[in-house]
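Asker: Which chain is which? The protein sequence lines are A and B, in order. Sequential numbering from 327 applies to the first sequence in the working numbering. Sequential numbering from 6 applies to the second sequence in the working numbering. Backbone N, C-alpha and C fix where the C-beta goes; we use that ideal spot for every residue, glycine too. Handing you a structure now.
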Amino acid sequence: MQQRGMTADDDLRSFCEREITALLDRLFGTALRLTRNRSDAEDLVADTVVKVLDKLPGLRDRSCFAGWIFRILYNTYTSQCRARSARREDALSSLQPADDEEGDAFWLFDRLHQPFLLWWGDQEQLFLDQLLAEDLVKAIDALPENYRIVVVLADIEGFSYQEIATTLDLPVGTVRSRLARGRSRLQKALWDHAQAAGLLSARQRPE
Amino acid sequence: MTKQIACEEALKNLLEYLDREIDAEQSQQMDRHLSTCRSCYSRMEFEKRLRSHVKAAGKQEVSERLKSRIDRLFADKGR
Chain A
327 MQQRGMTADD
337 DLRSFCEREI
347 TALLDRLFGT
357 ALRLTRNRSD
367 AEDLVADTVV
377 KVLDKLPGLR
387 DRSCFAGWIF
397 RILYNTYTSQ
407 CRARSARRED
417 ALSSLQPADD
427 EEGDAFWLFD
437 RLHQPFLLWW
447 GDQEQLFLDQ
457 LLAEDLVKAI
467 DALPENYRIV
477 VVLADIEGFS
487 YQEIATTLDL
497 PVGTVRSRLA
507 RGRSRLQKAL
517 WDHAQAAGLL
527 SARQRPE
Chain B
6 MTKQIACEEA
16 LKNLLEYLDR
26 EIDAEQSQQM
36 DRHLSTCRSC
46 YSRMEFEKRL
56 RSHVKAAGKQ
66 EVSERLKSRI
76 DRLFADKGR
């Protein structure tokens with residue numbers, strides 16, 4: 327409700343500041359997974375806030391604020407990348423995998439259930455218990471950017487496919503397939519990491 | 006009565022079921038299948054636990070420095 331003596335613009339501005347403050351951890355988390363660097367992530371969040379404040383009069387539906395600000399964050403990131411890659415003369419698209427790659431839905435679970443794993447306990451729980459947050463973050467950060475952002479928005483931020491499609495300006499089908507491929511790659515990376523770091527017991531390791 | 010589905014169909018829908026991206030009828034079919042199929046249930050539980058680990062790993066808290074920077078922006082981009 328608008329407070330007495332407040333104009334509609336003041337009210338919208340107060341709403342926006344409250345929302346940004348409430349979303350700040352999540353915006354920073356997403357910015358950090360995009361930039362993979364804390365200082366760049368802080369700059370990205372600050373640049374996003376400046377744009378949001380400038381564009382605020384154009385906000386039509388307050389209920390879409392979260393999606394709107396994440397969209398501005400992502401667009402700010404991609405335009406910064408384009409400017410940087412134009413300087414480096416390497417196109418961003420050359421680093422992205424093609425969309426026809428197959429996603430293997432249960433890669434890790436199937437791997438943990440191979441016949442050589444003569445395991446009598448809960449091998450999945452054991453595997454998960456040994457993974458550190460740091461290992462997971464490294465695996466997420468190693469994903470190609472077009473898969474990483476979809477995995478972050480779905481699995482960390484909890485957005486629906488439709489919300490992600492709107493945020494990234496992609497068809498829902500593309501979101502669905504990138505999410506499947508991104509998760510599959512993430513599982514493979516976690517398995518490779520577990521093997522390299524010796525996290526798998528002798529029984530779990532292939533001969 | 007909810008239609009019974011086979012493991013093949015359950016696995017096809019499992020990830021979207023966890024994402025809550027299937028309709029109510031499919032979701033009921035999945036609930037029913039998972040309540041009777043140990044193999045699909047274990048798979049679902051593993052995917053769910055892995056996701057909760059990913060979600061927890063991705064959570065961040067902003068620094069006091071960024072908080073003050075944003076507060077300054079609110080003040081500078083005056084009303």
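Can you list the residues of chain A that A80 (chain B) reaches, using a CB-CB cut of under 8 Å?
Answerer: The count along the second sequence starts at 1 and reaches residue 80 (chain B) at position 75. Residues of chain A passing the Cβ test: none, with the nearest at roughly 10 Å.
Asker: Nearest chain B C-beta to Q490 (chain A) closer than 8 Å, yes or no?
Answerer: Here residue 490 (chain A) refers to the residue found at position 164 when the first sequence is read from its first residue. Position check: residue 490 (chain A) holds Ile in this sequence, whereas Gln was assumed. With 8 Å as the cut-off, I490 (chain A) does not count as an interface residue toward chain B.
Asker: With a Cβ-Cβ cutoff of 8 Å, do K53 (chain B) and L20 (chain B) count as a contact?
Answerer: Here residue 53 (chain B) corresponds to residue number 48 of the second sequence, with the count starting at 1. Here residue 20 (chain B) corresponds to residue number 15 of the second sequence, with the count starting at 1. In this structure, L20 (chain B) does not lie closer than 8 Å to K53 (chain B) by Cβ.
Asker: Would you call the region 55-62 of chain B in contact with the region 480-497 of chain A, where contact means no fewer than 3 C-beta pairs closer than 8 Å?
Answerer: Flag = yes, the region 55-62 of chain B and the region 480-497 of chain A touch.
Asker: Among A:R352, A:T333, A:L516, which has the Cα closest to the Cα of V463 (chain A)?
Answerer: Mapped onto the first sequence, residue 463 (chain A) falls at position 137. Here the closest residue by C-alpha is A:L516.
Asker: For R509 (chain A) versus N472 (chain A), is the C-beta distance shorter than 8 Å?
Answerer: Residue numbering aside, residue 509 (chain A) sits at position 183 when the first sequence is read from its first letter. Residue numbering aside, residue 472 (chain A) sits at position 146 when the first sequence is read from its first letter. Against a cut-off of 8 Å, the Cβ pair of N472 (chain A) and R509 (chain A) comes out as no contact.
Asker: What ranges does the alpha helix (DSSP H) occupy inside the region 450-503 of chain A, keeping only unbroken runs of at least 4 residues that lie completely in it?
Answerer: Complete alpha helix (DSSP H) runs here, min 4: 459-467, 471-477, 487-494.
Asker: Going by beta-carbon coordinates alone, are Q65 (chain B) and G355 (chain A) separated by less than 8 Å?
Answerer: In the second sequence, the residue the question calls residue 65 (chain B) occupies position 60. In the first sequence, the residue the question calls residue 355 (chain A) occupies position 29. Yes, they are a contact pair.
Asker: Specify, as a first and last residue, the run of the alpha helix (DSSP H) that D24 (chain B) falls within.
Answerer: Here residue 24 (chain B) is taken as the residue at index 19 of the second sequence, counted from 1. Element bounds for D24 (chain B): n/a, residue is neither H nor E.
Asker: Note down the Cα distance separating V67 (chain B) from L350 (chain A), rounded to an integer number of angstroms.
Answerer: Numbered from its first residue, the second sequence carries residue 67 (chain B) at position 62. Numbered from its first residue, the first sequence carries residue 350 (chain A) at position 24. Each residue's alpha carbon lies about 7 Å from the other.
Asker: Report the CB separation of L71 (chain B) from E368 (chain A) in whole angstroms; it is logged as a contact under 8 Å.
Answerer: Here residue 71 (chain B) refers to the residue found at position 66 of the second sequence. Here residue 368 (chain A) refers to the residue found at position 42 of the first sequence. Rounded, the Cβ-Cβ distance is 5 Å, consistent with contact.
Asker: Taking C-alpha atoms, which residue in B:R43, B:R74, B:S47, B:S32 lies nearest to V371 (chain A)?
Answerer: In the first sequence, the residue the question calls residue 371 (chain A) occupies position 45. Closest option to V371 (chain A), Cα to Cα, is B:R74.
Asker: Which chain E residues are close to A392 (chain A), counting only those with a beta carbon under 8 Å from its beta carbon?
Answerer: Absent here is chain E; the protein component of the structure consists of chains A and B.
Asker: Within a Cβ cutoff of 6 Å, which residues of the same chain sit near T7 (chain B), ignoring the five residues on either side of it in sequence?
Answerer: Working through the second sequence from its first residue, we reach residue 7 (chain B) at position 2. Hits under 6 Å: Q33, Q34, R37.
Asker: Would you verify that the beta carbon of A29 (chain B) is, or is not, closer than 8 Å to some beta carbon of chain A?
Answerer: Along the second sequence, read from residue 1 onward, the residue named residue 29 (chain B) stands at position 24. No, its Cβ sits nowhere closer than 8 Å to a Cβ of chain A.
Asker: Starting from the C-beta of G393 (chain A), find all residues in its chain whose C-beta is less than 8 Å away, skip the five residues before and the five after it, and write them out in chain order.
Answerer: Against the first sequence, residue 393 (chain A) aligns to sequence position 67. Contacts found: F485, E489, T492, T493.
Asker: What is the DSSP secondary structure of Q513 (chain A), counted as helix, strand or coil?
Answerer: One-based indexing of the first sequence puts residue 513 (chain A) at position 187. It is helical.
Asker: Determine whether the beta carbon atoms of A520 (chain A) and F432 (chain A) lie at a separation below 8 Å.
Answerer: Your numbering for residue 520 (chain A) matches position 194 in the first sequence. Your numbering for residue 432 (chain A) matches position 106 in the first sequence. For A520 (chain A) and F432 (chain A), no; Cβs fall outside 8 Å.
Asker: Expressed to the nearest angstrom, what Euclidean distance is found between the alpha-carbon atoms of L434 (chain A) and R56 (chain B)?
Answerer: By 1-based counting over the first sequence, the position of residue 434 (chain A) is 108. By 1-based counting over the second sequence, the position of residue 56 (chain B) is 51. Between L434 (chain A) and R56 (chain B), the C-alpha separation is close to 12 Å.
Asker: Give the range of the alpha helix (DSSP H) segment to which S47 (chain B) is assigned.
Answerer: Numbered from its first residue, the second sequence carries residue 47 (chain B) at position 42. Element bounds for S47 (chain B): 43-63.
Asker: If you check the beta carbons only, do R359 (chain A) and R502 (chain A) fall under 8 Å apart?
Answerer: Stepping through the first sequence from its first residue, residue 359 (chain A) is reached at position 33. Stepping through the first sequence from its first residue, residue 502 (chain A) is reached at position 176. No, these two residues do not count as a Cβ contact at 8 Å.
Asker: Hey, is I75 (chain B)'s beta-carbon within less than 8 Å of any beta-carbon in chain A?
Answerer: Position 70 of the second sequence holds residue 75 (chain B). With 8 Å as the cut-off, I75 (chain B) counts as an interface residue toward chain A.
Asker: Report the residues of the region 30-64 of chain B with a CB closer than 8 Å to any CB of chain A, ordered along the chain.
Answerer: The residues in question are S47, R48, E50, F51, E52, R54, L55, R56, H58, V59, K60, A61, A62, G63, K64.
Asker: Taking the alpha carbon of L469 (chain A) as the point to measure from, which residue in A:C342, A:T361, A:R408 has its own alpha carbon closest?
Answerer: Here residue 469 (chain A) refers to the residue found at position 143 of the first sequence. Of A:C342, A:T361, A:R408, the residue nearest in Cα terms is A:T361.
Asker: Between T347 (chain A) and D373 (chain A), is the Cβ-Cβ spacing less than 8 Å?
Answerer: Here residue 347 (chain A) refers to the residue found at position 21 of the first sequence. Here residue 373 (chain A) refers to the residue found at position 47 of the first sequence. Contact: no.
Asker: Quick check: K17 (chain B) and V376 (chain A), are their CB atoms within less than 8 Å of each other?
Answerer: Translated into the one-based positions of the second sequence, residue 17 (chain B) becomes position 12. Translated into the one-based positions of the first sequence, residue 376 (chain A) becomes position 50. In this structure, V376 (chain A) does not lie closer than 8 Å to K17 (chain B) by Cβ.
Asker: Kindly indicate the opening and closing residues of the alpha helix (DSSP H) around R362 (chain A).
Answerer: If you number the first sequence from 1, residue 362 (chain A) lands on position 36. Per DSSP, R362 (chain A) belongs to no alpha helix (DSSP H) and is neither H nor E.
Asker: Suppose the cutoff is 7 Å on Cβ atoms and the five residues either side in sequence are ignored; what does the same chain contact list for L438 (chain A) look like?
Answerer: Position 112 of the first sequence holds residue 438 (chain A). Excluding sequence neighbours, L438 (chain A) sits near Q449, E450, F453.
Asker: Closer than 7 Å: is that where the CB of R388 (chain A) sits relative to any heavy atom of the ligand COA?
Answerer: As for the ligand COA, it is missing from this structure, which has no ligand bound.
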